[in-house]
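Trainee:
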Amino acid sequence: MLENHDSKVRMGALFTGACAVLLAACGNDSGAGPGGMGTESGGSDGDSETIQLNIMQGKVEFNEQFNELADQYMEENENVQIEITSVGGGTDYFTQLTTRFSSGDEPDIFSVAGPNEIEQFQDTMADMSDTEAAEAALEGTIENVTHDDGRIDAIPYNLEGYGFIYNKEVLEQAGVNPEELSTYEELQEAVETIDSQKEDLGIEAVFALPGAESWVMGDHLANVYLSPELNENPVDAYNAESLAFERADEFKNMLDLQAEYSIEPVLSLDYSQQVEEYFSLGQVAMIQQGNWIYPTLEQMDPEFAESNVGMIPIPLEGYEDQLPVGVPNYWAVNSNNDDATVQAAKDFLDWMYLSDEGKEFVVSEFNFVPAYEGYEDMEISDPLSQTVYDYSQNGETLGWVFTGFPTGYQLNEFGPNLQAYLGGNMSWEEAIEASKQAWESMRQ
Amino acid sequence: MKNKEFTFWLFITPVLLSLTLVVILPVVMGLFYSFTNWNGLNFTSFVGFNHYKRLLGDGQFLRSLWFTVKFSIASIILLNVIGLSLALLVTSKLKSRNILRTVFFMPNLIGGLILGFIWQFIFIRVFASIGELIGVESLQVWLATPGTGFWGLVILTVWQMAGYIMIIYIAYLQGVPKELLESAEIDGATPFQKFRHVIFPLIAPAFTVTMFLTLSNSFKIYDQNLSLTGGGPYNSTQMVAMNIVDTAFSGNQMAYGQSKAIIFFLIVAVISLSQVYYNKKREVDL
Numbered sequence: 001m002l003e004n005h006d007s008k009v010r011m012g013a014l015f016t017g018a019c020a021v022l023l024a025a026c027g028n029d030s031g032a033g034p035g036g037m038g039t040e041s042g043g044s045d046g047d048s049e050t051i052q053l054n055i056m057q058g059k060v061e062f063n064e065q066f067n068e069l070a071d072q073y074m075e076e077n078e079n080v081q082i083e084i085t086s087v088g089g090g091t092d093y094f095t096q097l098t099t100r101f102s103s104g105d106e107p108d109i110f111s112v113a114g115p116n117e118i119e120q121f122q123d124t125m126a127d128m129s130d131t132e133a134a135e136a137a138l139e140g141t142i143e144n145v146t147h148d149d150g151r152i153d154a155i156p157y158n159l160e161g162y163g164f165i166y167n168k169e170v171l172e173q174a175g176v177n178p179e180e181l182s183t184y185e186e187l188q189e190a191v192e193t194i195d196s197q198k199e200d201l202g203i204e205a206v207f208a209l210p211g212a213e214s215w216v217m218g219d220h221l222a223n224v225y226l227s228p229e230l231n232e233n234p235v236d237a238y239n240a241e242s243l244a245f246e247r248a249d250e251f252k253n254m255l256d257l258q259a260e261y262s263i264e265p266v267l268s269l270d271y272s273q274q275v276e277e278y279f280s281l282g283q284v285a286m287i288q289q290g291n292w293i294y295p296t297l298e299q300m301d302p303e304f305a306e307s308n309v310g311m312i313p314i315p316l317e318g319y320e321d322q323l324p325v326g327v328p329n330y331w332a333v334n335s336n337n338d339d340a341t342v343q344a345a346k347d348f349l350d351w352m353y354l355s356d357e358g359k360e361f362v363v364s365e366f367n368f369v370p371a372y373e374g375y376e377d378m379e380i381s382d383p384l385s386q387t388v389y390d391y392s393q394n395g396e397t398l399g400w401v402f403t404g405f406p407t408g409y410q411l412n413e414f415g416p417n418l419q420a421y422l423g424g425n426m427s428w429e430e431a432i433e434a435s436k437q438a439w440e441s442m443r444q
Numbered sequence: 001m002k003n004k005e006f007t008f009w010l011f012i013t014p015v016l017l018s019l020t021l022v023v024i025l026p027v028v029m030g031l032f033y034s035f036t037n038w039n040g041l042n043f044t045s046f047v048g049f050n051h052y053k054r055l056l057g058d059g060q061f062l063r064s065l066w067f068t069v070k071f072s073i074a075s076i077i078l079l080n081v082i083g084l085s086l087a088l089l090v091t092s093k094l095k096s097r098n099i100l101r102t103v104f105f106m107p108n109l110i111g112g113l114i115l116g117f118i119w120q121f122i123f124i125r126v127f128a129s130i131g132e133l134i135g136v137e138s139l140q141v142w143l144a145t146p147g148t149g150f151w152g153l154v155i156l157t158v159w160q161m162a163g164y165i166m167i168i169y170i171a172y173l174q175g176v177p178k179e180l181l182e183s184a185e186i187d188g189a190t191p192f193q194k195f196r197h198v199i200f201p202l203i204a205p206a207f208t209v210t211m212f213l214t215l216s217n218s219f220k221i222y223d224q225n226l227s228l229t230g231g232g233p234y235n236s237t238q239m240v241a242m243n244i245v246d247t248a249f250s251g252n253q254m255a256y257g258q259s260k261a262i263i264f265f266l267i268v269a270v271i272s273l274s275q276v277y278y279n280k281k282r283e284v285d286l
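From first to last, the protein sequence lines are chains A and B. If you read the first sequence in the UniProt record's numbering, its first letter stands for residue 1, the second for the next number, and so on. If you read the second sequence in the UniProt record's numbering, its first letter stands for residue 1, the second for the next number, and so on.
1) Figure out for me which residue from B:Phe8, B:Phe11, B:Phe61 has the closest Cα to the Cα of glutamine 258 of chain B.
2) To be precise: take each residue of the stretch 237-255 of chain B, compare its Cβ to all Cβ atoms of chain A, and keep it if any distance is under 7 Å. Which residues remain?
3) Measure the beta-carbon distance from serine 111 of chain A to tyrosine 157 of chain A and round it to whole angstroms, keeping in mind my assumption that it falls under 8 Å.
4) Applying a beta-carbon distance threshold of less than 9 Å, which residues of chain A neighbour tyrosine 234 of chain B?
5) Secondary structure at valine 21 of chain A, three-state DSSP: helix, strand or coil?
6) Rounded to the nearest angstrom, what separates leucine 316 of chain A and proline 228 of chain A at their Cα positions?
7) Please list, in chain order, the chain B residues whose beta carbon lies closer than 7 Å to that of leucine 243 of chain A.
8) Roughly how many whole angstroms lie between the Cα atoms of aspartate 338 of chain A and glutamine 52 of chain A?
9) Rounded to a whole number of angstroms, what is the C-alpha to C-alpha distance between aspartate 382 of chain A and asparagine 291 of chain A?
10) On a Cα-Cα basis, can you pick out the residue from B:Ser75, B:Leu266, B:Pro205 that is closest to tryptophan 159 of chain B?
11) How do the stretch 298-305 of chain A and the stretch 238-250 of chain A stand: do at least 3 beta-carbon pairs fall below 8 Å, yes or no?
12) Check the Cβ of leucine 41 of chain B against every Cβ in chain A and list those closer than 8 Å, keeping chain order.
13) Tell me, which residues are paired with proline 156 of chain A by DSSP?
14) Grouping DSSP H, G and I as helix and E and B as strand, with all else coil, what is isoleucine 312 of chain A?
15) For my contact list, leucine 41 of chain B and threonine 98 of chain A are in at a C-beta cut-off of 8 Å; report their separation, rounded to the angstrom.
16) At what residue ranges does the stretch 338-417 of chain A contain a whole run of the beta strand (DSSP E), taking only runs of 3 or more?
17) Which ranges would you report for the beta strand (DSSP E) in the stretch 177-260 of chain A if only whole runs of at least 3 residues count?
18) Under 8 Å between the Cβ atoms of valine 333 of chain A and methionine 56 of chain A?
19) Any idea if arginine 101 of chain B is buried or exposed, counting beta-carbon neighbours within 10 angstroms, 16 or more meaning buried?
20) In chain order, what residues of the stretch 94-125 of chain B put their CB closer than 7 Å to some CB of chain A?
21) Check the Cβ of asparagine 412 of chain A against every Cβ in chain B and list those closer than 8 Å, keeping chain order.
22) Between valine 198 of chain B and glycine 111 of chain B, what straight-line distance do the alpha-carbon atoms span, to the nearest angstrom?
23) So threonine 407 of chain A contacts chain B; which residues on that side make the cut at Cβ distance below 9 Å?
24) Fully enclosed by the stretch 13-37 of chain B, which beta strand (DSSP E) runs are 3 residues long or longer?
25) Indicate whether isoleucine 168 of chain B and threonine 210 of chain B have their beta-carbon atoms separated by less than 8 Å.
26) Starting from phenylalanine 110 of chain A and walking both ways along the beta strand (DSSP E), at which residues does that stretch end?
27) Taking 7 Å as the limit between beta carbons, can you name the residues of its chain near alanine 259 of chain A, skipping five residues before and five after?
28) Can you tell me the Cα-Cα spacing of aspartate 256 of chain A and alanine 174 of chain A, whole angstroms?
29) Please go through the same chain and pick out, in chain order, the residues whose beta-carbon is closer than 6 Å to the beta-carbon of methionine 254 of chain B, but skip the five residues on each side of it.
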């Protein structure tokens, strides 16, 4: 009897314990919500209280340097506490951002990539038009996020550009001058020349086309041929009900050229093979990529990266020598906070892009191509970024429209259609027709 | 009586509570959201059965479903055949049987994502090198065609799970009474007859278990799919789980993805439960 009673007591204790754990877990959850955050930072005597800034951003490559910058800012501004979360890969980031917003754990500063994402978070974005950074943003970088009434949703991270990145030494030996490859015919001829001396040049193929990475074809290459009909503007792309694909033939020629002279098999070739294995080790003459590959090239072979790579635009009739340059990401400030936190967030962003310490970081630590004025005298760290900056300074750029594609269009529809074409499973006409239809049905 | 009820609820409450929180509630909410235009944050209107109607005309979803069915059939058969063979091997009088058990089970301890990347390396690089050496072209295009993508996934899954299935078979094989085997031997049964007519019927309960495990597992595979082929080439190796994730997260159509998930849940539930029901009927009792 006694024993029985004893065990019951123990059971009860266990049960109470389990409940306590559950309750504690729930309690924690609600404590971390946005309300909790606001009351923490918005005390009665605002300024002396610590302000907590939670930053969530989708460019994982510069996470370490970004944290260093934040540390420096915190040293100078002791009342600000910055906490950074970086999540890599476009879709994973957006998923997690949505999750954090829907669970109530909202970041105070977050990054958004294109018109789709901006529209979804529109209601939570503070007006940035009163920031100094918005004033200093280069022409063409901020119009896409400005409303008619002057309201600005977000400010640009940086500029990025892509084209054909070539191996200087190989082209020189083959007797090809990259400066003279501004039309498709010239490029084709050069490719054939290089291909005919493959063995002497010690390369395996002219190109490495990463067919497994549908964004290389569906976002970047397609952008070149869709940009003219969409006025080089992602917002126009975002509002377009349908696609005409006026330049589908030119697109086909360029894709065919890359596929024909590429390392095989194209469809299982991925980004890291393309950049690390084939290009940085000198196995191919050219790849279609952007200035973001520089840190990887540098890691593989600093000497090669510094002196042996160059970038040229993808030839396009009527748009010769124009490099596709765009803003991959924007910073937005959460407006669901009290004024002090919103202001602190804006101050931090202004400081990052416009103070001397910040600029130094942006250029030499982040390796960003700045999207702001006031960087004219600074030296850009690598040759590819320098090329991008030069083209944008001279206004010789082709706008990015792929950031305005319907969400998931490239990944689920367009990209696979192009892959199916390369795999011989669809004719070019079928692939284009299916992609047009997918666009229309996704825009409904 | 009252006391008994108290202890009953005392024991059952934590389980019920957590089951409600992490399973029942999400399913009910998911079902609800599938009838709205929910975007992950909020919803503005009810759309009735529109998402479900749209599903029927969604070519990629139906292809993914069919691919998943084909994949499941191939991997269920191979998993059970290989799992049982391995189990017979390591319950025989081999000297190395203990170490073999460990070796066969080992792949199951590695996470699916990592396995996917390892096998990707094997299929793309190692296979290509071997193919180049011996001049077989078909070895050089692994994972670049739908067919090789399919078999790549099957091989990966079988390699990973066969050890686990083996363990289950071992447990049942060891439960087969020695007397029965002995008397069969005395009656002059050949090893095959012994297996077919004595062992096989007695380990039927194992089939119920392994079929259930392999079936539900093959249907729900995601991480191996993601890391090995990523659905490529041209989404031909995209399984249902991946199609749902892509729809919901990269396509940002949360409610539509949710309705796919509900349909998927129903399919898996119906197939698994009817399979268990029929297999149970076939089992023999000693």
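Cβ coordinates follow ideal geometry from the N, Cα and C atoms, glycine included.
Mentor: Reading from the atomic positions:
1) Walking along the second sequence from the start, residue 258 of chain B turns up at place 258. That would be B:Phe61, whose Cα lies nearest to the Cα of glutamine 258 of chain B.
2) Asp246, Phe249, Ser250, Gly251, Asn252
3) As a working note, residue 111 of chain A is residue 111 in the first sequence. As a working note, residue 157 of chain A is residue 157 in the first sequence. Confirmed, Cβ separation roughly 7 Å.
4) Translated into positions along the second sequence, residue 234 of chain B becomes position 234. Chain A residues near tyrosine 234 of chain B: Ser214, Leu267, Gly415, Pro416, Asn417, Leu418, Gln419, Ala420, Tyr421, Leu422, Gly423, Asn425, Met426.
5) Against the first sequence, residue 21 of chain A aligns to sequence position 21. Confidence at valine 21 of chain A is low in this model, with a pLDDT of 46, below 50, so its placement is unreliable and no value can be given for it.
6) In the first sequence, counting from the first residue as 1, residue 316 of chain A sits at position 316. In the first sequence, counting from the first residue as 1, residue 228 of chain A sits at position 228. Rounded to the nearest angstrom, the two C-alpha atoms are 10 Å apart.
7) As a first step, residue 243 of chain A must be located in the first sequence, where it is residue number 243. Result: empty, since nearest Cβ-Cβ is about 18 Å, beyond 7 Å.
8) As a working note, residue 338 of chain A is residue 338 in the first sequence. As a working note, residue 52 of chain A is residue 52 in the first sequence. The straight-line gap from Cα to Cα measures roughly 12 Å.
9) Numbered from 1 along the first sequence, position 382 holds the residue referred to as residue 382 of chain A. Numbered from 1 along the first sequence, position 291 holds the residue referred to as residue 291 of chain A. About 9 Å.
10) On the second sequence, residue 159 of chain B is found 159 positions in, with the first residue counted as 1. Measuring from the Cα of tryptophan 159 of chain B, the nearest candidate turns out to be B:Ser75.
11) no
12) Sequence index remark: in the second sequence, residue 41 of chain B carries index 41 (1-based). Neighbours of leucine 41 of chain B on chain A, chain order: Thr98, Phe101, Ser102, Gln120.
13) Your numbering for residue 156 of chain A matches position 156 in the first sequence. Answer is A:Tyr330.
14) Start at 1 with the first residue of the first sequence, and residue 312 of chain A comes out as number 312. If DSSP states are grouped into helix, strand and coil, isoleucine 312 of chain A belongs with the strands.
15) Here the question's residue 41 of chain B lines up with position 41 in the second sequence. Here the question's residue 98 of chain A lines up with position 98 in the first sequence. Leucine 41 of chain B to threonine 98 of chain A, Cβ: 7 Å. Contact.
16) 397-399
17) 205-207
18) In the first sequence, the residue the question calls residue 333 of chain A occupies position 333. In the first sequence, the residue the question calls residue 56 of chain A occupies position 56. Going by C-beta atoms, valine 333 of chain A is not nearer than 8 Å to methionine 56 of chain A.
19) Reading the second sequence from its first residue, position 101 is the one you call residue 101 of chain B. When all chains shown are included, arginine 101 of chain B counts as buried.
20) Ile124
21) Taking the first sequence and counting its residues from 1, one reaches residue 412 of chain A at position 412. Correct list: Gln60, Asn235, Asp246, Thr247, Ser250, Gly251.
22) Start at 1 with the first residue of the second sequence, and residue 198 of chain B comes out as number 198. Start at 1 with the first residue of the second sequence, and residue 111 of chain B comes out as number 111. Distance between the alpha carbons of valine 198 of chain B and glycine 111 of chain B is about 37 Å.
23) As a working note, residue 407 of chain A is residue 407 in the first sequence. Per Cβ cutoff of 9 Å: Ser250, Gly251, Asn252, Gln253.
24) none
25) Translated into positions along the second sequence, residue 168 of chain B becomes position 168. Translated into positions along the second sequence, residue 210 of chain B becomes position 210. Yes, they are a contact pair.
26) Residue mapping note: residue 110 of chain A aligns to position 110 of the first sequence, counting from 1. Phenylalanine 110 of chain A -> beta strand (DSSP E) spans 109-112.
27) Taking the first sequence and counting its residues from 1, the one referred to as residue 259 of chain A is at position 259. Cβ within range, chain order: Leu209, Val266, Leu422.
28) Counted from its first residue, the first sequence places residue 256 of chain A at position 256. Counted from its first residue, the first sequence places residue 174 of chain A at position 174. The alpha-carbon atoms of aspartate 256 of chain A and alanine 174 of chain A are separated by roughly 22 Å.
29) One-based indexing of the second sequence puts residue 254 of chain B at position 254. Here the set comprises Trp38, Asn39, Gly40, Ala248.
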